[in-house]
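Accompanying notes for the structure given below.
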Amino acid sequence: MAKSLVEETKRITAQFEYTDDDVNRGVLEFLRQMNEGLQNDGTSLSQIPTYVTGVPNGTEKGLYMAVDLGGTNFRVCSVHLNGDSTFDLTYNKVAIPKELMVAKTSKELFGFLAKQIELFLKEHHEEHFEAHQRRRKSSKAPEGYETENLFQLGFTFSFPVQQFGINKGSLIRWTKGFDIPDAIGKDVCALLQEEIDLLHLPVKVAALVNDTVGTLMARSYAAPGKTSTLIGAIFGTGTNGAYVEKITNLQKSVDGDYNKSTGEMVINTEWGSFDNQLNVLPSTPYDKKLDQDSVNPGIQIFEKRVSGMFLGEIARLAILDLYEKPTLSLFKDANSNNNDGKATSRVGEGSGLFQQWGLDSSLMSIAVGDTTPDLSSLRKELESELQIRSASVEEAQAFKDIAYAIGRRAARLSAVALGSIVIQSGRLTETKDESVDIGADGSLVEYYPSFRDMIYEAFKIIKDIGAEGADRIKIGIAKDGSGVGAALIALVAANMEEEETKDTLAALKNATAQKLAGAIPSVGASTTLA
Ligand code: BGC
31 MAKSLVEETK
41 RITAQFEYTD
51 DDVNRGVLEF
61 LRQMNEGLQN
71 DGTSLSQIPT
81 YVTGVPNGTE
91 KGLYMAVDLG
101 GTNFRVCSVH
111 LNGDSTFDLT
121 YNKVAIPKEL
131 MVAKTSKELF
141 GFLAKQIELF
151 LKEHHEEHFE
161 AHQRRRKSSK
171 APEGYETENL
181 FQLGFTFSFP
191 VQQFGINKGS
201 LIRWTKGFDI
211 PDAIGKDVCA
221 LLQEEIDLLH
231 LPVKVAALVN
241 DTVGTLMARS
251 YAAPGKTSTL
261 IGAIFGTGTN
271 GAYVEKITNL
281 QKSVDGDYNK
291 STGEMVINTE
301 WGSFDNQLNV
311 LPSTPYDKKL
321 DQDSVNPGIQ
331 IFEKRVSGMF
341 LGEIARLAIL
351 DLYEKPTLSL
361 FKDANSNNND
371 GKATSRVGEG
381 SGLFQQWGLD
391 SSLMSIAVGD
401 TTPDLSSLRK
411 ELESELQIRS
421 ASVEEAQAFK
431 DIAYAIGRRA
441 ARLSAVALGS
451 IVIQSGRLTE
461 TKDESVDIGA
471 DGSLVEYYPS
481 FRDMIYEAFK
491 IIKDIGAEGA
501 DRIKIGIAKD
511 GSGVGAALIA
521 LVAANMEEEE
531 TKDTLAALKN
541 ATAQKLAGAI
551 PSVGASTTLA
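In this note's numbering, the protein residues as written are 31 to 560.
Below you can see the structure in the form of structure tokens.
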């Protein structure tokens, strides 16, 4: 590598250094903002009560539906919970058309979602679907169906939503490139149910689920260990975590009914907006530019340093900066004698390097994962993905170093979030040797090389965790949280409804009995006057 390229690359990677001290400062601030969010509404970490007051133990059974909106794809699934920690899942997946992510009205998006549910039912549950259609036609009831014939559906909606109940909640803000202003403040379950009803589908939106909560439930169902799972976390297009909190710590008011007997509630932290005020988060010129040019400047500041949607863009801005330095020869090196063709490296005009969001984070995983001495896979990918032709080993190395630095900072920031929650839960100190379980999902934990190892490395240097504590924390991949997890919450919701119906029936019975007793005083009955 020409000396100046090496030096300039180091200058850039140094800006992404997130030291041990930074990690510890981050943890203190994260704990502070967590507690602030447990006390008040409208804080940076939203700490949203989810009305889910327990985690499954693997014995849950039944057939449920789930849909998942929150990233690049929309998934419709039916999930058969077998009651022995296993499940069978059938699903359809479609890419969400880009124009719907910024549609004029929410109806366009939710109408599309309902249509996908219809297609799924016709394809995979035709009998149920047709029987329902027949019943509707012959039934005199206005709705035309019996509740028990409906599929209970868990709606995984992975955006910040203020919940009012297990299947009610209004959208606080869009994230991850979605922007449909008329949906803000509306109940997203009602929006979906309306469109489902217009198509006369046998489906009831029974539960509103954030993907992190689904992940937590799915992990708990599939891997019930000695201790129940503490956190569900997503490190994918976006990032966020949900965890089990003691109700006594939840001091802001929670509307509506929920089961208080467990003493716990799952809280959706919405950590993507941790430290929007930039008290402790690092901020390079590339982070600032990314934020300014985004659809939501000033918010999701933590997410913009951690998740897959943004890492590629940070890398693109950093690499473009090097490329544009007239004194440097990155990807335009006439003297490159180390590339296979002995040709001048160059970048095609239509390259993603010159376009916002033009560098996909998956290329960073490939870069960091390429351990061949001549970085041959990376150089091939640079050519096919970014039209960077005839890159030399030195140039590819610069790309790799930058990708590594940005990914490492993201992993250490992730450790701040996870580590803080582990500390807040008290689980490391309340028992001596039990493990603390975390379910995680998303492209970064799955594909970015050593993402989990880098998180563990950072756990070790967190003061209240240390090497021993880090050993007790288990991060396991929890696939299909948004399917299985949502189904599990639909089950919880259905049980809650059953309980409520029982309670209402019991109350009715009671009231009728009292009325009757008042009308015909029973023998020996006495009335006490206050
Ligand atoms: C959303 C969260 C979601 C996360 C992961 C974030 O942008 O605000 O609700 O859990 O992405 O999908």
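C-beta atoms are modelled at their ideal positions from N, C-alpha and C, and glycine is treated no differently.
(request) Classify Gln-386 as buried or exposed, calling it buried when 16 or more other Cβ atoms lie within 10 Å of its own Cβ. (result) Exposed, since its Cβ has fewer than 16 Cβ neighbours within 10 Å.
(message) Tell me which residues share the same chain as Gln-417 and place their Cβ nearer than 7 Å to its Cβ, disregarding the 5 neighbours each side in the sequence.
(response) Only residues of its own chain outside the window of five on either side were considered, and among them Val-377, Gly-378, Gly-380, Ser-381 have a CB closer than 7 Å to the CB of Gln-417, listed in chain order.
(request) Please go through the region 383 to 438 and give each complete alpha helix (DSSP H) segment of 4 or more residues, from N-terminal end onward. (result) Fully enclosed alpha helix (DSSP H) runs of 4 or longer: 391 to 399, 406 to 416.
(message) Just checking Asp-241 against ligand 1 - is the residue's beta carbon closer than 7 Å to any of the ligand's heavy atoms?
(response) Yes, the Cβ of Asp-241 comes within 7 Å of a heavy atom of ligand 1.
(request) Kindly provide the ranges of any beta strand (DSSP E) runs that are 3 or more residues long and lie completely inside the region 456 to 504, ordered along the chain. (result) Within the region 456 to 504, the complete beta strand (DSSP E) segments at least 3 residues long are 466 to 471, listed from N- to C-terminus.
(request) Return the chain-ordered list of same chain residues with a C-beta closer than 8 Å to the C-beta of Gln-281, the five sequence neighbours on each side being excluded. (result) Cβ neighbours of Gln-281 beyond the five flanking positions: Leu-68, Gln-69.
(request) Compute the distance between the beta-carbons of Gly-562 and Val-310, then report whether it is under 8 Å. (result) Residue numbering for the chain in the displayed model covers 31 to 560; residue 562 lies beyond these limits and cannot be assessed.
(request) Mark Gln-427 as exposed unless 16 or more other C-beta atoms lie within 10 angstroms of its C-beta, in which case mark it buried. (result) It is buried - the Cβ of Gln-427 has at least 16 other Cβ atoms within 10 Å.
(request) Could you check how far apart the C-beta atoms of Asp-305 and Phe-332 are, in whole angstroms? I think they sit under 8 Å. (result) 6 Å between Cβ atoms; contact.
(message) I'd like to know whether the C-beta atoms of Leu-389 and Ala-345 end up nearer to each other than 8 Å.
(response) For Leu-389 and Ala-345, yes; Cβs fall inside 8 Å.
(message) Below 7 Å, is the gap between the Cβ of Glu-333 and the nearest heavy atom of ligand 1?
(response) It does: the Cβ of Glu-333 is within 7 Å (strictly closer) of some heavy atom of ligand 1.
(request) Could you check what DSSP says for Phe-181 in three-state terms: helix, strand or coil? (result) Residue state, collapsed to three classes: strand.
(request) Could you give the DSSP three-state label for Val-106: helix, strand or coil? (result) Shown here, Val-106 sits in a strand according to DSSP, grouped into three states.
(message) Using only the alpha-carbon positions, how far apart do Tyr-48 and Phe-117 sit?
(response) Looking at the two C-alpha atoms, the distance is approximately 41 Å.
(request) Can you tell me the Cβ-Cβ gap for Thr-459 and Glu-294, rounded? I've got them flagged as a contact below 8 Å. (result) Not quite, the Cβ-Cβ distance comes to about 18 Å (not below 8 Å), so this is no contact.
(request) If I'm right that Val-132 touches Gln-146 with Cβ under 8 Å, what's the distance once you round it to whole angstroms? (result) So it is not a contact: roughly 19 Å between Cβ atoms.
(message) My output table needs one value for Ala-200: the three-state DSSP class, helix, strand or coil.
(response) Contrary to the premise, residue 200 reads as Ser rather than Ala in this sequence. Note: Ser-200 maps to strand in three-state DSSP.
(message) Any beta carbon of chain B sitting closer than 8 Å to that of Glu-90?
(response) Chain labels in this structure do not include chain B; a single protein chain is all it has.
(message) Can you check which of these residues, Glu-343, Ser-375, Leu-474, is closest to Leu-562 by C-alpha distance?
(response) A question about residue 562 goes unanswered here, because the residues of the chain that appear run from 31 up to 560.
(request) Check whether the Cβ atoms of Val-243 and Gly-262 lie closer than 8 Å to each other. (result) Yes, these two residues count as a Cβ contact at 8 Å.
(message) What does DSSP give as the partner residue(s) for Lys-276 in the beta ladder?
(response) Bridge partners of Lys-276: Glu-294.
(message) Going by DSSP, what residue range makes up the beta strand (DSSP E) through Asn-65?
(response) For Asn-65, no beta strand (DSSP E) segment is defined; the enclosing uninterrupted segment is the alpha helix (DSSP H) at 50 to 69.
(request) Could you have a look at Gln-192 and say whether DSSP puts it in helix, strand or coil? (result) In the structure shown, Gln-192 sits in a strand (DSSP, three-state: E or B).
(message) Under DSSP, the beta strand (DSSP E) around Val-572 begins and ends at which residues?
(response) The question about residue 572 has no answer, for the chain in this structure spans 31 to 560.
(request) Would you identify the three-state DSSP class for Val-325, choosing helix, strand or coil? (result) DSSP places Val-325 in the coil class of the three-state scheme, outside both helix and strand.
(message) Which of the three DSSP states is assigned to Asp-305 in this structure?
(response) Assigned with DSSP and collapsed to three states, Asp-305 falls in coil, not helix or strand.
(request) State the DSSP-derived secondary structure class of Leu-360, mapped to helix, strand or coil. (result) Coil at Leu-360, not helix or strand.
(message) So, for Asn-54: in the same chain, excluding its five sequence neighbours on each side, which residues have a beta-carbon less than 8 Å away from its beta-carbon?
(response) Only Ile-491, Ile-492, Lys-493 meet the Cβ criterion.
(request) Would you check if the distance between the CB atom of Gly-469 and the CB atom of Thr-245 is smaller than 8 Å? (result) Cβ distance < 8 Å, so Gly-469 and Thr-245 count as in contact.
(message) Please return the same chain residues whose Cβ sits closer than 6 Å to the Cβ of Phe-150, not counting the five positions on each side in sequence.
(response) The answer, listed in chain order, is Val-106, Asn-122.
(message) Quick test of your reading: Leu-222 and Leu-143, contact by CB under 8 Å. State the CB separation rounded to the nearest angstrom.
(response) Indeed, because the Cβ distance is near 6 Å, the residues count as touching under 8 Å.
(message) Between which residues of its own chain and Thr-120 is the CB-CB distance below 7 Å, once the five residues before and five after are set aside?
(response) Excluding positions up to five away in sequence, the list reads Cys-107, Ser-108, His-154.
(message) Closer than 7 Å to a non-hydrogen atom of ligand 1 - does that hold for the CB of Pro-190?
(response) Yes, the Cβ of Pro-190 comes within 7 Å of a heavy atom of ligand 1.
(request) May I ask you to list the residues that DSSP assigns as paired with Asp-217? (result) Per DSSP, the beta-bridge partners of Asp-217 are Ser-200.
(message) Between Asn-270 and ligand 1, is there a pair consisting of the residue's CB and a ligand heavy atom that are separated by less than 7 Å?
(response) Yes.
(request) Taking only the alpha-carbon atoms, compute the straight-line gap between Pro-172 and Pro-479 and give it to the nearest angstrom. (result) With a pLDDT of only 46 at Pro-172, under 50, the local geometry of the prediction cannot be trusted, and no value is derived from it.
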